[in-house]
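The structure appears right after this line, and notes come after that.
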């Protein structure tokens, strides 16, 4: 009878997690749930609602349309889109810059490195990996807070986390 070692954190395949997050942000979303699909679906909702703003023209009147806001907040893709933006803004520097510029805006690595005053591939690679793992940690909490399913934003720490569109 041996002593069983308990681990506080589940071991994850770090290389797989990095691949999953990169694929989530860089693939086009055709056939898989990716950031591109979430962005498209959120933009469709925004187009349907029109976000009218203050249409009364009366100074001091309430801004927005609460019915439109309820409709948007009920849409899981819209919540996911906002959740991703919140997660990135919640990350520390330089992770927030890497996630925004490289993964959302698709800047080339050399441009991101120049923005961060990084020299050498090793320093960028290390910062990039830190950014990815910080994002994975923060997005998990935000998904829970905003009630976003793994079919819309995958749990990147789980094996085979990327969902096919047909599974939604």
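In this note's numbering, the protein residues as written are -7 to 160. C-beta atoms are modelled at their ideal positions from N, C-alpha and C, and glycine is treated no differently. A quick note: this is a predicted structure, and the numbers were derived from the prediction, not measured.
Through-space distance from residue j to residue i, alpha-carbon basis
i, j, result
"residue 75", "residue 131", "7 Å"
"residue 28", "residue 89", "19 Å"
"residue 144", "residue 136", "12 Å"
"residue 123", "residue 68", "25 Å"
"residue 104", "residue 84", "16 Å"
"residue 138", "residue 82", "15 Å"
"residue 109", "residue 86", "10 Å"
"residue 113", "residue 23", "33 Å"
"residue 133", "residue 91", "17 Å"
"residue 32", "residue 39", "10 Å"
N- and C-terminal bounds of the alpha helix (DSSP H) containing residue i
i, result
"residue 85", "Careful: residue 85 lies outside any alpha helix (DSSP H) and carries neither H nor E."
"residue 24", "Here residue 24 belongs to no alpha helix (DSSP H), and DSSP marks it neither H nor E."
"residue 113", "113 to 138"
"residue 102", "101 to 108"
"residue 10", "6 to 18"
Burial state of residue i (16 or more Cβ within 10 Å)
i, result
"residue 127", "buried"
"residue 16", "buried"
"residue 36", "exposed"
"residue 79", "buried"
"residue 119", "buried"
"residue 3", "exposed"
CB contact flag (residue i, residue j, <8 Å)
i, j, result
"residue 170", "residue 9", "This structure leaves residue 170 out entirely; the chain is present only between -7 and 160."
"residue 30", "residue 95", "no"
"residue 6", "residue 146", "no"
"residue 116", "residue 140", "no"
"residue 106", "residue 70", "no"
Residue nearest to residue i in terms of C-alpha spacing, selected from the options
i, options, result
"residue 19", "98, 87, 3, 38", "98"
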